[in-house]
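Protein chains in written order, with my numbering: chain A, 11 to 219; chain B, 317 to 515.
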Amino acid sequence: MIKKAEVKALFKRNLWDENQVLRQILGICSLLAVTNLLSNSLVMGVGLIFSVALSSFTISLLRNYIPHRVRMIIQTLIIAAWVILFDIVIKAMLPDISRALGPYVGLIITNCIIMGRAEAFAQSNPPVESFLDGVFAGLGYTAVLIVIAFIRELMGFGTILGFNVNFLGLQTWTIMVMPPAAFFLVGVMIWIVNNIASGKKAVGGGKNG
Amino acid sequence: MGNTPAISPFVIFLASMLTSNMVLVNFLGMCSFISVSKEFKTASGLGKAVALVMVFTTVFNWIIYHFVVVPLGLEYLRYLIFIIVIAATVQIIEMAMDRYLPDLHMKLGIFLPLITVNCAILGISLFMVIRNYGFLQSVLFGLGSGLGWWLAISALAAIREQMAGNELPRGLDGPAITFIITGIMALAFVGFSGIFVVM
Chain A
11 MIKKAEVKAL
21 FKRNLWDENQ
31 VLRQILGICS
41 LLAVTNLLSN
51 SLVMGVGLIF
61 SVALSSFTIS
71 LLRNYIPHRV
81 RMIIQTLIIA
91 AWVILFDIVI
101 KAMLPDISRA
111 LGPYVGLIIT
121 NCIIMGRAEA
131 FAQSNPPVES
141 FLDGVFAGLG
151 YTAVLIVIAF
161 IRELMGFGTI
171 LGFNVNFLGL
181 QTWTIMVMPP
191 AAFFLVGVMI
201 WIVNNIASGK
211 KAVGGGKNG
Chain B
317 MGNTPAISPF
327 VIFLASMLTS
337 NMVLVNFLGM
347 CSFISVSKEF
357 KTASGLGKAV
367 ALVMVFTTVF
377 NWIIYHFVVV
387 PLGLEYLRYL
397 IFIIVIAATV
407 QIIEMAMDRY
417 LPDLHMKLGI
427 FLPLITVNCA
437 ILGISLFMVI
447 RNYGFLQSVL
457 FGLGSGLGWW
467 LAISALAAIR
477 EQMAGNELPR
487 GLDGPAITFI
497 ITGIMALAFV
507 GFSGIFVVM
């Protein structure tokens, strides 16, 4: 059975050391597209955690039976099955958010995080570890999603989760809910995280690559 | 097939290329956009391959969606069906190219398998279904989006090539500066939004 220390290591690695978004630059499409409202981002985060955890679990269960040559297509089909399930649930329970997210729920299938976890972890590890690895990778993604959505919604609409917090009546920044701001925020966030991470190792300024 | 929106296919073509550019406005295909944009030549090759696959997948997906999926009432399986159609299309294009256009295959061949999991391709098909486009509208939507993607990745790669040797603040090199460049490019593309009726 899995040990506590192992769980801790998995947690730390997926949330910080190898954060899927900030360190591996994966899963950016949906991250940028849904972060103009916090509520949409939360639903998207839950969807990703659900899909990546259960896909990793299923792929890990079947890892000894999937022929190596056709594994990519089989993994994609397993992922698609879980995403379809999530899409149906969201359509029935939260139709407004489902409409706002539009094609981005379906695009969880091609989210590189899920494929990345399947390739890098699930196909060579037992099911319970793979499931936890998926949950933590999804949490790392959701954490970044929430930070960016919080900044964009607060500055762009003056609201948080739809509640008006703009008590002073300040002018809102329309640019924050438009696409360019998403790119700027992700860029700056990667920069900050790079600096914190490399500060420990005291790495000097590098060349643009 | 219901209510196709009354937008001229030509407007859809221009709009999907400029005002609602796949990468800069809809954020689709970001993974390869960021990681394959170091060299202009490679980036341009990937862009061409994406444009080619986009046109073919919109054609096949439109036909299969409207003549097989809808009559059988299988709309809830559309993600699965689209993925399979895309994988098959890429495979067919690769085989046909190898047979009839070996030179082009040498240049674009390595990119083709990568494209199967590019979210821009699946995104195009989903947008086409959600917006209920007619056949001609879908084809020009696919072509416009593909050309727009090619334009964006070529421009980004050209900028990155120019500033390859520059000293940057610590930690800003690599993906961080690429996102900021993309942001400035997206800002420039916002300027196009006055030209057309927004879709």
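C-beta: ideal position from N, C-alpha, C; glycine also.
For residue i, which beta-bridge partners are listed by DSSP?
{"i": "T169 of chain A", "result": "A:N174"}
DSSP on residue i, reduced to helix/strand/coil?
{"i": "E139 of chain A", "result": "helix"}
{"i": "T335 of chain B", "result": "coil"}
{"i": "P77 of chain A", "result": "coil"}
{"i": "F449 of chain B", "result": "It is worth fixing the name first, because residue 449 of chain B is Tyr in this sequence and not Phe. Coil, per DSSP."}
{"i": "I475 of chain B", "result": "helix"}
{"i": "E16 of chain A", "result": "helix"}
{"i": "E220 of chain A", "result": "Any property of residue 220 of chain A remains undetermined from this structure, which presents chain A solely from 11 to 219."}
{"i": "A404 of chain B", "result": "helix"}
{"i": "P321 of chain B", "result": "coil"}
{"i": "I119 of chain A", "result": "coil"}
{"i": "I511 of chain B", "result": "coil"}
{"i": "M188 of chain A", "result": "coil"}
{"i": "R33 of chain A", "result": "coil"}
{"i": "F329 of chain B", "result": "helix"}
{"i": "Q133 of chain A", "result": "helix"}
{"i": "N434 of chain B", "result": "coil"}
{"i": "D106 of chain A", "result": "helix"}
{"i": "N205 of chain A", "result": "helix"}
{"i": "V352 of chain B", "result": "coil"}
{"i": "W465 of chain B", "result": "helix"}
{"i": "W92 of chain A", "result": "helix"}
{"i": "F457 of chain B", "result": "helix"}
{"i": "Q181 of chain A", "result": "coil"}
{"i": "Y345 of chain B", "result": "The question names Tyr, but residue 345 of chain B in the sequence shown is Gly. Looking at G345 of chain B - three-state DSSP - the assignment turns out to be coil, as it is neither helix nor strand."}
{"i": "D97 of chain A", "result": "helix"}
{"i": "G499 of chain B", "result": "helix"}
{"i": "G490 of chain B", "result": "coil"}
Using a Cβ-Cβ cut-off of 6 Å (strictly less than) and excluding sequence neighbours within five positions of residue i, which residues of its own chain qualify?
{"i": "L452 of chain B", "result": "P325"}
{"i": "L344 of chain B", "result": "M338, C435, A436 and G439"}
{"i": "V514 of chain B", "result": "For V514 of chain B, the predicted model reports a pLDDT of 48, less than 50, meaning its position is unreliable; a value from the coordinates is still stated below. So the list is empty, once near-sequence residues are dropped."}
{"i": "M165 of chain A", "result": "W183 and M186"}
{"i": "F349 of chain B", "result": "V339 and I469"}
{"i": "A403 of chain B", "result": "T432"}
Going by beta carbon distance, what residues of the same chain come within less than 7 Å of residue i, once the five residues before and after it are set aside?
{"i": "A59 of chain A", "result": "For clarity, residue 59 of chain A is Ile in the given sequence; the question names Ala instead. Answer for I59 of chain A: V145, G148, L149 and T152, listed in chain order."}
{"i": "I89 of chain A", "result": "S61, S65, I119 and I124"}
{"i": "T45 of chain A", "result": "S51, L155, I158, A159, R162 and A192"}
{"i": "L420 of chain B", "result": "M413"}
{"i": "G361 of chain B", "result": "K423, L424 and F427"}
{"i": "E391 of chain B", "result": "V385"}
{"i": "S454 of chain B", "result": "T374, W378 and M444"}
{"i": "F21 of chain A", "result": "F146"}
Counting only the same chain and skipping the five closest in sequence on each side, list residues whose C-beta sits under 8 Å from that of residue i.
{"i": "T169 of chain A", "result": "E163, V175 and N176"}
{"i": "L111 of chain A", "result": "V44, N50, V53, M54 and I100"}
Please tell me whether residue i has its Cβ less than 9 Å away from any Cβ of chain D.
{"i": "I84 of chain A", "result": "Of the chains in the structure shown, none is chain D; the protein chains are A and B."}
Mind checking the segment 193 to 208 of chain A against chain B and listing, in chain order, the residues whose C-beta falls within less than 7 Å of any C-beta there? Along the segment 193 to 208 of chain A, the positions whose C-beta sits under 7 Å from a C-beta of chain B are F193, F194, V196, G197, I200, W201, N204, N205 and S208, read in chain order.
By the 8 Å beta-carbon criterion, what residues does the segment 93 to 116 of chain A contribute toward chain B? From the segment 93 to 116 of chain A, only V93, I94, D97, I98, G112, P113 and G116 have a Cβ closer than 8 Å to chain B.
Can you list, in chain order, the residues of the segment 26 to 43 of chain A whose Cβ is nearer than 7 Å to any Cβ on chain B? Within the segment 26 to 43 of chain A, contact with chain B at the beta-carbon level (separation under 7 Å) is assigned to I35, L36, I38, C39, L42 and A43.
Positions along the segment 383 to 399 of chain B whose CB lies within less than 9 Å of some CB in chain A: Listed in sequence order: Y392, L393, R394, Y395, L396, F398 and I399.
Beta carbons nearer than 7 Å to chain B: which residues of the segment 168 to 179 of chain A have them? So nothing in the stretch comes that close.
List, from N- to C-terminal side, the beta strand (DSSP E) runs of 3 residues or more that fit wholly inside the segment 357 to 423 of chain B. Within the segment 357 to 423 of chain B, no complete beta strand (DSSP E) run reaches 3 residues.
Which of the residues in the segment 119 to 145 of chain A, read from start to end, lie with their CB under 8 Å from any CB of chain B? Residues passing the 8 Å Cβ filter: I119, T120, N121, C122 and M125.
What residues in the segment 335 to 369 of chain B bring their beta carbon closer than 8 Å to a beta carbon of chain A? Of all residues in the segment 335 to 369 of chain B, those with a C-beta nearer than 8 Å to a C-beta of chain A are L340, V341, N342, F343, L344, G345, M346, C347, I350, S351 and K354, reading in chain order.
With 8 Å as the C-beta to C-beta threshold (strictly closer), list the residues of the segment 480 to 501 of chain B near chain A in chain order. For the segment 480 to 501 of chain B, the residues whose beta carbon sits under 8 Å from a beta carbon of chain A are, in order, A480, G481, N482, E483, L484, P485, R486, G487, L488, D489, G490, P491, A492, I493, T494, F495, I496, T498, G499 and I500.
Members of the segment 54 to 77 of chain A near chain B, C-beta cut-off 7 Å: So the list is empty, because no residue satisfies the distance condition.
Residues in the segment 443 to 475 of chain B having any Cβ partner in chain A nearer than 7 Å: Taking a C-beta cut-off of 7 Å against chain A, the contacting residues of the segment 443 to 475 of chain B are F443 and I446, listed in chain order.
Near-chain B residues of the segment 145 to 162 of chain A (beta-carbon distance less than 8 Å), N- to C-terminal order: Listed in sequence order: no entries.
Taking a Cβ distance cut-off of 7 Å, strictly less, list which residues of the segment 410 to 422 of chain B are near chain A, in chain order. For the segment 410 to 422 of chain B, which is checked against every Cβ of chain A, not one residue is closer than 7 Å.
Could you tell me which whole alpha helix (DSSP H) segments of length 4 or greater appear in the segment 36 to 69 of chain A? Taking only runs of at least 4 residues, the alpha helix (DSSP H) segments lying wholly in the segment 36 to 69 of chain A are 38 to 44.
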